[in-house]
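Reviewing the structure listed below.
There are 2 protein chains.
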Amino acid sequence: MKPKLLHATVAVVLGTACALPASAQQKPDVLVKQRQAAMVLQGKYFGPVRAMGQGKLPYDASVVTRNVGYLDALSHMPWDGFTPATKDVKSAAMAAVYAEPAKFKEAQERFTSEVAKLVEVSRKGDEAAVKQQILAVDKACGGCHENFREKQ
Amino acid sequence: MKPKLLHATVAVVLGTACALPASAQQKPDVLVKQRQAAMVLQGKYFGPVRAMGQGKLPYDASVVTRNVGYLDALSHMPWDGFTPATKDVKSAAMAAVYAEPAKFKEAQERFTSEVAKLVEVSRKGDEAAVKQQILAVDKACGGCHENFREKQ
Chain F
0 MKPKLLHATV
10 AVVLGTACAL
20 PASAQQKPDV
30 LVKQRQAAMV
40 LQGKYFGPVR
50 AMGQGKLPYD
60 ASVVTRNVGY
70 LDALSHMPWD
80 GFTPATKDVK
90 SAAMAAVYAE
100 PAKFKEAQER
110 FTSEVAKLVE
120 VSRKGDEAAV
130 KQQILAVDKA
140 CGGCHENFRE
150 KQ
Chain Z
0 MKPKLLHATV
10 AVVLGTACAL
20 PASAQQKPDV
30 LVKQRQAAMV
40 LQGKYFGPVR
50 AMGQGKLPYD
60 ASVVTRNVGY
70 LDALSHMPWD
80 GFTPATKDVK
90 SAAMAAVYAE
100 PAKFKEAQER
110 FTSEVAKLVE
120 VSRKGDEAAV
130 KQQILAVDKA
140 CGGCHENFRE
150 KQ
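Taken in sequence, the protein lines are chains F and Z. The opening position of the first sequence corresponds to residue 0 in numbering that gives the first Met the number 0, with each subsequent residue numbered one higher. The opening position of the second sequence corresponds to residue 0 in numbering that gives the first Met the number 0, with each subsequent residue numbered one higher.
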């Protein structure tokens, strides 16, 4: 099988809309490392933003804008790392990730969509509205963690 | 000291242009974990793009566009994790990171600027030009790794 044909086959088998997912040829332990890396960085950039949303840190629009921009990219990065091949790699992922993929996908999409809304709202600059949407993102993180991640 | 004043002081002390850096209040081992996470994800998204630039993978414009967009954000993420406080945390960072901060900063800026150029070029859609700029980014990665990262 020529590389181009293999490439096309992988894309079709995995049901991707456009092309080779970044995860297509990686070993399971690498996939877990990469998805954990995305979560670590989501924590890095959402942490201070959440604290501002909760009133625990002074609101700083420039930090919110920068961090939310990064989160917009990061919010898409972990999900292709949860392939069935990673099921037996040690991590905090609960069995439900693999047993209830539709529910897991729904939780991912809620998160990415709440982050996208936060990007929109933060562009308009209404602090109260931004804070409200920050809390909606936080709820989407928590909703997914509660059902799909072991207690830390 | 009130939180707002503390916040302003931290920003001034660290010489940031705009606001509280994400790293301001983190423990050194967390900073190292976060900067390594950014490097892991740069590898995830640049790996296939580099292989396309080198002709080792079939060129796929949609993958390049997506990955380069992510890289644009990721290219900014590791650097505030290299604070002097992280000097003694085990990692692949060489002593030069802390001994030659100006040279290290120059290498970071070369990388972020080559990635920004790749974003520009990839928008224009000229495959040969994109491939050339992919190799320029690869060179910027390598230049920094050679002087500042222990051999892997």
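Ideal Cβ placement from N, Cα and C applies to all residues, glycine included.
Just checking my contact of residue i with residue j at CB under 8 Å: how many whole Å lie between their CB atoms?
i	j	result
residue 77/Z	residue 37/Z	4 Å
residue 146/F	residue 95/F	6 Å
residue 109/Z	residue 128/Z	Their Cβ separation, rounded to whole angstroms, is 19 Å, which puts residue 109/Z and residue 128/Z out of contact at 8 Å.
residue 80/Z	residue 31/Z	7 Å
residue 125/F	residue 52/F	Not really, about 13 Å apart at Cβ, beyond 8 Å.
residue 97/Z	residue 89/Z	No, residue 97/Z and residue 89/Z are not in contact; Cβ-Cβ is about 14 Å, not under 8 Å.
residue 34/Z	residue 93/Z	With a Cβ gap of about 14 Å, residue 34/Z and residue 93/Z do not count as contacting.
residue 75/Z	residue 111/Z	6 Å
residue 117/F	residue 107/F	Not quite, the Cβ-Cβ distance comes to about 16 Å (not below 8 Å), so this is no contact.
residue 84/Z	residue 27/Z	5 Å
State the start and end residues of the unbroken alpha helix (DSSP H) segment that holds residue i.
i	result
residue 132/Z	126-147
residue 88/Z	Residue 88/Z -> no alpha helix (DSSP H), and no H or E assigned at all.
residue 99/F	Here residue 99/F belongs to no alpha helix (DSSP H), and DSSP marks it neither H nor E.
residue 61/F	60-73
residue 47/Z	27-52
So who's on the other strand from residue i, going by DSSP bridges?
i	result
residue 94/F	According to DSSP, which records beta bridges pairwise, residue 94/F is partnered with nothing at all.
query: Touching or not, the stretch 56-68 of chain Z and the stretch 103-122 of chain Z, by the rule of three or more beta carbon pairs under 8 Å?
result: At 8 Å Cβ cutoff, the stretches touch.
message: Contact between the stretch 69-88 of chain F and the stretch 38-46 of chain F is defined here as three or more beta-carbon pairs at a separation below 8 Å; is this criterion met?
response: yes
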